[in-house]
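Residues 2 to 230 (the working numbering) make up the sequence shown, in order. Beta carbons are placed, not taken as given, at the ideal position from N, Cα and C, and that holds for glycine.
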Amino acid sequence: MINVPTSPTSRRALRRTAIGGSVAAAVAAWWAFDTAPYPYAQHRLLDLPLPFLTLRRLDVMLGPRPGERLLEIGPGTGLQSLHVAPQLGSEGRLDIVDIQQPMLDHVMRRADERSIGNIVPALADAHRLPYSDASFDAAYLVTALGEIPEPTQTLSELRRVLKPGGRLVVGEFFDRHQIRPAHLIAHADSAGLAVRKLIGPPFAYYALLQPRTIPGIERRPAAVPADPS
Ligand SMILES: C[S@@+](CC[C@H](N)C(=O)[O-])C[C@H]1O[C@@H](n2cnc3c(N)ncnc32)[C@H](O)[C@@H]1O
């Protein structure tokens, strides 16, 4: 039997406990299930460099070269875009895709201020990229993949738009959206990509992925549905 407190003080304590429990449950649900993109209102935080996910390490993994066409998903305010685009030179080009127009506008404003003229923005969802097959020499996403609801679908799209032998770099940092290295390997495998190299600690790592090229195991066979009979 449950004893319901009758004094006003006990009832107030019970109500406070119930409210505290509801708030904690709501925060836990938000932490675990919220899939909203990073809010533009907090864009200033994106300009802070992240430990281990440095631009130098991105260069080492991505190896951008003059004349190449690269794709970045989720550029935010352009921390990586404004560093990578100049390395591609006037013959090269960096396409950036974001689901939020204010992020793209922010990058393009900063690019104009620095006279960087080879960035081409596209407002799109990473699950369906607006590019033809085999368009890019390389692609990258930094602290973005974990924020996108369907990482396997996104990696499949990236694989589709990469040229054969193309490079894909994923940077992930410890936050509520982070994709741990083991999960990235599994998502990549399902998308027909292989993780070639990982650098950094598991809470702040870069991974280099490439399309699998061995004939016959280009893609894993889709899971066979259970026979209902
Ligand atoms: C945490 S920010 C990372 C920004 C930047 N790469 C950095 O490290 O500073 C994630 C970015 O991914 C974008 N994004 C989230 N979901 C997306 C989706 N489905 N398609 C394209 N971009 C998406 C967000 O709008 C945001 O710009």
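Classification of Pro50 by the beta-carbon crowding that lies within 10 angstroms, buried from 16 upward:
When all chains shown are included, Pro50 counts as exposed.
Quick check on this structure: which residue in Met62, Ser8, Asp99 has the alpha carbon closest to the alpha carbon of Pro40?
For the residues Met62, Ser8, Asp99, the minimum Cα distance to Pro40 belongs to Asp99.
Own chain residues within Cβ distance below 7 Å of Thr155, not counting five before or after:
Taking C-beta separations shorter than 7 Å and ignoring five residues to either side along the sequence, the partners of Thr155 in its chain run Ala127, His128, Leu146, Ile149, following chain order.
CB Ala112 to CB Ser82, shorter than 9 Å?
Ala112 is a Cβ neighbour of Ser82, given a cutoff of 9 Å.
Look at the Cβ atom of Gly167, then the Cβ atom of Gln211, and state whether they are nearer than 9 Å.
Result yes, Cβ atoms of Gly167 and Gln211 sit closer than 9 Å.
Inter-residue spacing [alpha-carbon to alpha-carbon] between Gly201 and Arg115:
Computed Cα separation, rounded: 30 Å.
What do you get for Ala42, buried or exposed, if any count of 16 or more other CB atoms within 10 angstroms of its CB means buried?
It counts as exposed.
Got a sec? Which residues, its chain only, sit under 6 Å from Ser8 by beta carbon, not counting five neighbours each side?
The answer is none, since no qualifying residue turns up.
So, helix, strand or coil for Pro182, using DSSP?
Helix, per DSSP.
May I have the straight-line CA-CA distance separating His178 from Leu80, to the nearest angstrom?
Rounded to whole angstroms, His178 to Leu80 spans 19 Å at the Cα level.
Whether Ala183 touches Ala208 by CB criterion (9 Å):
At a Cβ-Cβ threshold of 9 Å, Ala183 and Ala208 do not count as neighbours.
Could you name the residues whose beta carbon sits closer than 5 Å to any heavy atom belonging to ligand 1, keeping them in chain order?
Taken from the N-terminal end onward, the list reads Pro38, Tyr39, Leu47, Gly75, Gly77, Leu80, Asp99, Ile100, Gln101, Met104, Asp126, Ala127, Val143, Thr144, Ala145, Glu148, Ile149.
Excluding five sequence neighbours on each side, which residues of the same chain lie with their C-beta closer than 6 Å to the C-beta of Asp96?
Cβ neighbours of Asp96 beyond the five flanking positions: Leu72, Val121.
Any idea what DSSP makes of Ala37, helix, strand or coil?
Three-state DSSP puts Ala37 in coil, outside helix and strand.
Assuming Leu63 contacts Val143 under a Cβ cut-off of 8 Å, what Cβ separation, rounded to an integer in Å, is found between them?
Leu63 to Val143, Cβ: 10 Å. No contact.
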